[in-house]
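J.: Following this note's numbering, the numbering of the sequence shown begins with 411 at its first residue and continues without gaps. Every residue, glycine too, gets a C-beta built ideally from N, C-alpha and C.
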Amino acid sequence: MITFQSLIPGFTDPLSVIWWVLIVLKLVALLDAALRPRAVFIAADKLTKPGWVLILAVFTLSQIFQGWLSFFGLIGIVASAVYLVDARPALRAATGRGRGGWGIRRRRGPRPL
Numbered sequence: 411m412i413t414f415q416s417l418i419p420g421f422t423d424p425l426s427v428i429w430w431v432l433i434v435l436k437l438v439a440l441l442d443a444a445l446r447p448r449a450v451f452i453a454a455d456k457l458t459k460p461g462w463v464l465i466l467a468v469f470t471l472s473q474i475f476q477g478w479l480s481f482f483g484l485i486g487i488v489a490s491a492v493y494l495v496d497a498r499p500a501l502r503a504a505t506g507r508g509r510g511g512w513g514i515r516r517r518r519g520p521r522p523l
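#1: Let me know the secondary structure DSSP gives ALA503 once reduced to three states.
#2: To the nearest angstrom, report how far apart ALA503 and TRP462 are at their CA atoms.
#3: How many angstroms separate the CA atom of TRP430 from the CA atom of ASP455?
#4: The alpha helix (DSSP H) spanning ARG448 covers which residue range?
#5: What residues in its chain sit with their C-beta under 6 Å from that of ALA489, if we drop five residues either side in the sequence?
#6: Count the CB pairs spanning the region 444-451 and the region 491-506 that are closer than 8 Å, and state whether there are at least three.
#7: What is the DSSP secondary structure of LEU441, reduced to helix, strand or coil?
#8: May I have the straight-line CA-CA distance separating GLY393 from ALA497, to the nearest angstrom?
#9: Going by C-alpha to C-alpha distance, which of THR422, GLY420, PRO424 and ILE428 sits closest to LEU484?
Pasting the structure below:
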């Protein structure tokens, strides 16, 4: 019988700490995708909001029920990393918040002498 304690590990060993770090990473990506407006995904020319939310939710649940070392758990790590590194900065740039990338500021107007 599956119990709550067998699904959610504690902080007893280093693999459990990695499990918690990865679940937090996936939840941050999922919540960020869920709270952004749908129009921003279209404006940033990225995968649609339902697509990202579905992908991130399925792989977050797969970590809880299968573990992070399973096939779907590893794909979920990659999906969350792609969202946080590629899609999220583009979405922030489309909303006008943040610098929109890796910290590269675009100069507007004439260059100073």
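T.: This is what the structure holds:
#1: helix
#2: 18 Å
#3: 32 Å
#4: 448-453
#5: ILE465 and PHE469
#6: yes
#7: helix
#8: With the chain represented from 411 up to 523, any question about residue 393 goes unanswered, as that position is not in the structure.
#9: ILE428
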